[in-house]
Every structure is written in C-alpha cells, then in structure tokens.
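Comments concern the structure below.
In this note's numbering, the protein residues as written are 12 to 267.
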C-alpha cells in the first residue's frame, strides 16, 4: 500500500515519532471523545498533547473519488487549518496528515494536530442556560463568526460541537475543529445568516445572536432575526426528515 504524508516544518524533527503512532495507531494512544464515526486518540510528545484523527475508510465510490479526483478529508483538514492560522483564526495547531492508498483505491487517512485544552464547546450553551456568563459567551461567539465572514471563511460544518471555547483573562478564545468542509470566498448577506442555522433550536439564542450580528454588520435586527430563524427552522425540518427516512430504510432492510 502506498503512503503519502506531509509534516509541518515545525515538527519535521519528530518524523519518526509520527510514523510510529500512525503505524501502531490501533494499539497505542489514549481514546478521546466520540468514537462512532471516526477514531480520535491522544499521544504525548515532549510535553505536548497530540490529537490524531483517524478517518474511517470511505465507501467504494469515495474510495475512487479520493484516489483520483478529490483531496482527502485529512489533507483538507491540514490545509484549511494552515489557512485559518494564516488568517489569525483559532484552530488547533496543524501538525501533519497521512494517507494510505492502493493503485486504484483510497483507504485510510489521519490528521494530526495539537490538542487544545478547552473549557467548553458551543454545545454546552445549548444545553445549560445557567452556564456562567452564558450571554457574554454567545455574543463573543457571534463576533467570532462575524470575523470569519469578514475574512471570507465559510465554515460549512458550523455546528454545536465544532467550536471549542477557552476562557482567558480578557474574555474568550474560539477554535474551529472538524475542518474538512470549508470554502474561502466573499460571502453575501443570506449566506452569512444561513451559516448560523445548524447551531441551536432555541429561539432565545437566535435572538441574542441576531442582535449581536446586527451590531456587527449595521443591518436591521428584525431582518437578520427573521432570516436566521427561518433558516434554523428549515434546517431542523430537513434534519428530521432525513432522520425519519433513515429509520424507514433500516426498517425495510431488516425485513428484506
């Protein structure tokens, strides 16, 4: 099997260490987070905690696509993280990516970054309205998102678990994760507002984000809120439609 790798210049001296943890990923490291879709493990390197994400082998169509036509999720994650860093947007420090391919198919890939010691994710704001400084964090997050948009960053997976939040002595820092779906382009008003649609089902949170985004943009609050809430409801309807369809397909497969 053919291997491809790229290691950031800052970590070239640890080349052998990264080869070892990738080659022995199944037996080394400490499991971290949800292991359902992809596998995440932590490793220690010279006082730093290293996060390695192992992407599952894609379906046969995508094995062909990633082999010949598209960049892998690991490569995109690495390249987008470097791009975000250049733009002074928070994301775990990118270290390397690895890919394994046969002559005709794409197989495994891994993205390596430095672990961020966060205090919470956006998700906690959706489940605990008594979280200390809740509204201030939500408003700071909205300003962070506005900054993304101003810099031409369209984070397609802008969802509750994909922003890490760290409290500092001056406020809050935000770090984007799960980076493989992203666009860099000028964003129109509708696209910017729609980018909030996957974040929460709570109208009160949408009201706060709309208010803060109005302050950032100078646009009318009511115009922003009406569109943000419509996009939120549309996303939820689509999400649950898809969920119901999956349940039906599983039911028919069971009795097929």
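Note that the Cβ used here is the ideal one computed from N, Cα and C, for glycine as well.
- Can you tell me whether residue 220 is buried or exposed, with buried defined as 16 or more other CB within 10 angstroms of its CB? buried
- Item | Simplified DSSP assignment, three categories, for residue 193 | strand
- Item | Residues near residue 108 by beta carbon distance below 8 Å, same chain, minus five either side | 16, 17, 83, 85, 86, 88, 89, 120, 121, 122 and 123
- Query: Under a three-way DSSP split, which group does residue 245 fall into?
  - Reply: helix
- Does the separation of the CB atoms of residue 224 and residue 212 fall below 8 Å? no
- Message: Using the Cβ count rule (16 or more neighbours within 10 Å means buried), how would you classify residue 251?
- Response: exposed
- Query: Looking only at its own chain, which residues have a Cβ that is under 8 Å from the Cβ of residue 146, when we skip the five neighbours before and after it?
  - Reply: 219
- Could you pull out every residue in the same chain whose Cβ sits closer than 6 Å to the Cβ of residue 128, ignoring the five residues on either side in sequence? none
- Message: Please classify residue 193 as buried or exposed, where buried requires at least 16 neighbouring CB atoms within 10 angstroms.
- Response: buried
- Would you mind listing the alpha helix (DSSP H) stretches within the segment 76 to 155 that are 4+ residues and don't spill past its ends, in chain order? 84 to 97 and 133 to 138
- Message: Going by DSSP in three states, residue 48 sits in which element: helix, strand or coil?
- Response: coil
- With a CB to CB cut of under 8 Å and the five nearest residues on each side skipped, what residues in its chain are close to residue 134? 171 and 172
- Three-state secondary structure assigned by DSSP to residue 73: helix
- Beta-carbon proximity check, residue 174 vs residue 157, cutoff 8 Å: no
- Looking only at C-alpha atoms, which of 12, 130, 183 and 222 sits nearest to residue 237? 222
- Message: Between which residues of its own chain and residue 167 is the CB-CB distance below 8 Å, once the five residues before and five after are set aside?
- Response: 192, 193 and 194
- Is DSSP giving residue 210 helix, strand or coil here? coil
- Message: Using the Cβ count rule (16 or more neighbours within 10 Å means buried), how would you classify residue 62?
- Response: buried
- Task: Give the C-beta separation of residue 68 and residue 112 to the nearest angstrom, bearing in mind that I take them to be a contact with Cβ-Cβ under 8 Å.
- Result: Residue 68 to residue 112, Cβ: 11 Å. No contact.
- Where does residue 143 land, buried or exposed, given buried means 16+ other C-beta within 10 angstroms? exposed
- Query: Looking only at C-alpha atoms, which of 204, 64, 97 and 22 sits nearest to residue 227?
  - Reply: 204
- Message: So the candidates are 182, 116 and 165; which of them puts its Cα closest to the Cα of residue 13?
- Response: 116
- Cα-Cα separation between residue 141 and residue 240, rounded to whole angstroms: 23 Å
- Which residues does DSSP pair with residue 25 in a beta bridge? In the DSSP output, where bridge partners are listed per residue, residue 25 has none listed.
- Indicate whether residue 100 and residue 190 have their beta-carbon atoms separated by less than 8 Å. no
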